[in-house]
Every structure is written in C-alpha cells, then in structure tokens.
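Asker:
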Amino acid sequence: MSRRLLAIISSAILAIIAGILVFNYVNQADTRAISELSPKEVLVVTEQVPAGTPAEELSGYVSLEQRPASTITPEAIQTLDAVAGLITVSELYPGEQVLSTRFDSPNADRSPDVPADHHEITIELPAARVIGGHLAAGDTVGLFVSSEEETRLLLHKVLVTNVEGGAVLETTDDGADTAQPAAESVFVTLAVPAPDAPLVVNAAEFHGVWLSREPADAPDNSTTIDREDLFG
1 MSRRLLAIIS SAILAIIAGI LVFNYVNQAD TRAISELSPK EVLVVTEQVP
51 AGTPAEELSG YVSLEQRPAS TITPEAIQTL DAVAGLITVS ELYPGEQVLS
101 TRFDSPNADR SPDVPADHHE ITIELPAARV IGGHLAAGDT VGLFVSSEEE
151 TRLLLHKVLV TNVEGGAVLE TTDDGADTAQ PAAESVFVTL AVPAPDAPLV
201 VNAAEFHGVW LSREPADAPD NSTTIDREDL FG
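Following the UniProt record's numbering, the numbering of the sequence shown begins with 1 at its first residue and continues without gaps.
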C-alpha cells in the first residue's frame with residue numbers, strides 16, 4: 001500500500017474521530033443548556049410580607065411559579081411545609097424567591113452579633129427617612145448625610161442592631177393579620193467602628209440623616225452631590 005493511500009486513510013480516520021468528538025461535545029452542551037433552562041417550581045413572594053410572619057400564614061402572600069433552573073437559588077423552597085413552625089426574620093418583597101434562610105424559630109435569639117471593636121449608637125429619625133420604618137435588626141444600611149451645601153453617602157453597610165417604632169404585623173381579634181405603619185419617629189441602633197462613631201453623632205446632631213437598605217452584596221459606590229450638581 002502506497003504512502004499516499006495510507007496518508008489519505010489516516011486523514012479520513014482522524015476526520016471521523018474529530019467529527020464524533022465535536023458531535024458529543026455539542027450534544028453535551030445542548031443537554032446542559034436544556035437542563036439550565038428547563039423550568040422548575042419555586043415559591044415566589046406575591047405580596048410584601050412583614051418580618052415575624054408565621055409560615056402557616058403565608059399562603060396568601062406567595063405562589064408556586066415555574067422559573068428556569070439556573071435562576072433558582074439553592075435555598076429556595078417549593079412548599080411552606082419546609083419552614084413549618086418558623087417565622088420570617090426579615091421582610092419579604094414581591095418577586096423574590098422564598099428562601100429557607102429567611103426563616104427561624106419564634107423563640108430564637110436573633111440579635112445580631114456586634115464586633116468587639118464597634119460602638120452601638122441610637123439615632124432618632126422620621127419614619128420617612130428609615131425606609132418608612134420597614135427595617136429590622138440584622139439589616140445593613142447606607143447612611144446618607146445631607147446639608148444645604150451637599151449630600152453624600154457617608155457610611156456603607158452599617159449593621160442595625162435594634163429598631164423601635166418601626167412597622168409591625170399585628171393580629172386582630174378575628175385572627176386576621178394587619179400591617180401597622182411605623183410611628184412618626186423611629187429609633188434605630190447602629191453598630192459602627194470606633195472611628196465612625198463621631199461621624200454618626202455629628203451627622204445626627206447637626207445634619208439631616210437618611211438610611212437606605214444596603215445589602216451585603218451591594219456595590220460600595222459613593223457619590224457626593226452639591227448645589228452645582230443640582231442647579232448647574
């Protein structure tokens with residue numbers, strides 16, 4: 001058999017092997033894509049849920065929906081039986097998946113751990129400046145300071161250790177749950193490192209303070225706005 005014929009046969013065999021490998025790779029990729037996009041059922045919040053709501057009372061606040069598997073959080077649940085006997089430890093908002101990590105025992109101590117080098121400072125603010133009073137211990141907030149000259153985001157992800165006067169869920173005599181609005185003034189206790197404590201005190205004493213809900217994964221972007229930015 002001539003060398004030329006052997007080369008042709010070898011090339012043909014290599015081409016067949018390469019084709020098989022490409023075919024298998026494409027098939028596996030398609031399988032993975034279909035698996036990620038295939039819809040799975042998950043409980044989703046349809047109406048805002050106050051913190052402290054028993055799982056047994058959530059049926060009117062959530063619905064079972066189908067979402068792509070790749071978008072479902074590992075802690076998401078498909079039935080309220082998974083959190084039976086527990087209560088929500090923070091507010092749940094429409095559109096978010098119901099996560100098992102947002103529930104705990106009614107008797108559990110949910111006071112957040114305060115780092116040893118932090119100071120706890122309580123400030124009094126109008127409810128409108130505390131997200132309408134929809135804030136709870138364990139949340140993290142951004143602290144904005146505003147004066148006539150400028151407004152800036154002073155501190156990021158400040159730990160809230162206590163809230164008094166915030167919005168609460170109350171049960172009426174007939175067993176119905178009603179959300180009670182926050183008081184006009186809300187007392188919020190914040191845990192801050194020692195160097196930041198004077199900043200909080202000064203801001204609360206001499207300037208306007210606003211709190212924003214700032215989760216742990218929010219970007220630490222800070223912008224200062226002055227009169228020129230607003231009015232040119």
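No residue lacks a Cβ here, since even glycine has one placed at the ideal position from N, Cα and C. This one's a predicted model, so the numbers in the text were calculated from it and none came from an experiment.
Give, in chain order, every unbroken run of the beta strand (DSSP E) that is at least 3 residues long and sits entirely within the stretch 92-180.
Answerer: 118-126, 140-146, 150-164, 168-171 and 177-180
Asker: Beta strand (DSSP E) containing V209: first to last residue?
Answerer: Here residue 209 refers to the residue found at position 209 of the sequence shown. That run of the beta strand (DSSP E) goes G208 to R213.
Asker: If you run the structure through DSSP and keep just helix, strand and coil, what is S11?
Answerer: Counted from its first residue, the sequence shown places residue 11 at position 11. Helix, per DSSP.
Asker: List the DSSP bridge partners of L43.
Answerer: By one-based count along the sequence shown, residue 43 stands at place 43. DSSP lists L64 as partners of L43.
Asker: Just to confirm before moving on: does the CB-CB distance between V188 and L135 stay below 8 Å?
Answerer: One-based indexing of the sequence shown puts residue 188 at position 188. One-based indexing of the sequence shown puts residue 135 at position 135. In contact: V188 and L135 (Cβ atoms closer than 8 Å).
Asker: Should the stretch 137-151 be regarded as contacting the stretch 217-225, the criterion being three or more beta carbon pairs within less than 8 Å?
Answerer: yes
Asker: Does D81 come out as helix, strand or coil in the three-state DSSP assignment?
Answerer: For the purposes of this step, residue 81 is taken as the residue at position 81 of the sequence shown. It is helical.
Asker: Would you list the residues sitting across from V192 in a DSSP beta bridge?
Answerer: The count along the sequence shown starts at 1 and reaches residue 192 at position 192. Per DSSP, H119.
Asker: With DSSP as the reference, identify every bridge partner of S185, one or two as the case may be.
Answerer: By 1-based counting over the sequence shown, the position of residue 185 is 185. Paired residue(s): P126.
Asker: Cβ of L92 within 8 Å of Cβ of T73?
Answerer: Along the sequence shown, read from residue 1 onward, the residue named residue 92 stands at position 92. Along the sequence shown, read from residue 1 onward, the residue named residue 73 stands at position 73. With a cutoff of 8 Å on beta-carbon distance, L92 and T73 are scored as not near each other.
Asker: Mark L21 as exposed unless 16 or more other C-beta atoms lie within 10 angstroms of its C-beta, in which case mark it buried.
Answerer: As a first step, residue 21 must be located in the sequence shown, where it is residue number 21. Its Cβ having fewer than 16 others within 10 Å, L21 is exposed.
Asker: Which of the three DSSP states, helix, strand or coil, is assigned to A33?
Answerer: Taking the sequence shown and counting its residues from 1, one reaches residue 33 at position 33. Interpretation of A33 is limited by its pLDDT of 48, a score under 50 that renders its predicted location unreliable; no figure is taken from the coordinates.
Asker: Can you say whether I123 is buried or exposed, counting buried as having 16 or more other CB atoms within 10 angstroms of its CB?
Answerer: Position 123 of the sequence shown holds residue 123. When all chains shown are included, I123 counts as buried.
Asker: Excluding the five sequence neighbours on either side, which residues of its own chain have a C-beta within less than 7 Å of the C-beta of A33, listed in chain order?
Answerer: Sequence index remark: in the sequence shown, residue 33 carries index 33 (1-based). Reliability of the predicted coordinates at A33 is poor, the pLDDT of 48 falling under 50, and the value obtained from them is presented with this limitation in mind. Closer than 7 Å at Cβ, skipping near neighbours: no residue.
Asker: Tell me whether E184 is buried or exposed, calling it buried when 16 or more other Cβ atoms sit within 10 Å of its Cβ.
Answerer: Residue mapping note: residue 184 aligns to position 184 of the sequence shown, counting from 1. The residue is exposed, with fewer than 16 neighbouring Cβ atoms inside 10 Å.
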